[in-house]
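Below you'll find the structure, written out as structure tokens, and then a few comments.
Numbering (my numbering), first residue to last: 722 to 859.
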């Protein structure tokens, strides 16, 4: 069965999350340097039956798009040309970093590990994906 992959894109690192085969549960997968993101996507596409890619849409509290949005739009164009069979969707990612940090605290993760940005990025990607999956159910 197909899975859904989500990205929390950043200029330095990108968090990646993947759904279960039923499209119900998002799981943090990994964080990669953004410069190798496309290679990593190719590997994921080769290993899993991916039909949808969800990319976080960074917005400010005012609702305006963040400065990162222009880079994400270029990335989407490139991914769409490289993987034409992929359905690319967007999901508001406001507060995902804060919520990820809160989840780590609530889970009892130590302060040193909570400072690990790679952990935070893949957890944020999982929150983006879970929000998307929950929205699809309604």
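Where a beta carbon is used, it is the ideal one built from N, C-alpha and C, also for glycine.
Legend entry - Meets three-Cβ-pair contact criterion under 8 Å: the stretch 771-781 and the stretch 728-736: Output reads yes: the stretch 728-736 touches the stretch 771-781.
Inset, instruction - Can you give me the Cβ contacts of residue 780 inside the same chain, cut-off strictly under 7 Å, excluding the 5 residues immediately before and after it? - result: Excluding positions up to five away in sequence, the list reads 786, 787, 813, 815.
Legend entry - Close beta carbons around residue 860, own chain, < 6 Å, minus the five adjacent residues each side: There is simply no residue 860 to check, as the chain begins at 722 and stops at 859 in what is shown.
Inset, instruction - Tell me where the beta strand (DSSP E) around residue 750 begins and ends. - result: Start and end: 747-754.
Legend entry - Buried or exposed (CB count within 10 angstroms, at least 16 for buried), residue 749: Residue 749 comes out buried.
Inset, instruction - For residue 801, count neighbouring C-beta atoms within 10 Å of its own C-beta (all shown protein chains included) and say buried if the count is 16 or more, exposed if not. - result: Residue 801 is exposed by the Cβ-count criterion.
Inset, instruction - Counting only the same chain and skipping the five closest in sequence on each side, list residues whose C-beta sits under 6 Å from that of residue 761. - result: The answer, listed in chain order, is 753.
Legend entry - Alpha-carbon spacing of residue 724 relative to residue 745, whole angstroms: Residue 724 and residue 745 have their alpha carbons spaced roughly 10 Å apart.
Inset, instruction - Mind checking which residues open and close the alpha helix (DSSP H) that includes residue 812? - result: Segment 808-813 is the beta strand (DSSP E) holding residue 812; no alpha helix (DSSP H) there.
Inset, instruction - In the DSSP assignment, find the unbroken alpha helix (DSSP H) run with residue 853 in it and report its ends. - result: Segment 838-858, the alpha helix (DSSP H) holding residue 853.
Inset, instruction - Spell out the partners DSSP gives residue 740 in its beta bridges. - result: According to DSSP, residue pairing for residue 740 in a beta bridge involves 747.
Inset, instruction - Out of 783, 771, 770, 763, state which residue places its alpha-carbon closest to the alpha-carbon of residue 799. - result: Per the Cα distances, 763.
Inset, instruction - Confirm, please, whether the CB-CB distance from residue 741 to residue 772 is below 8 Å. - result: The answer is no: Cβ separation not under 8 Å.
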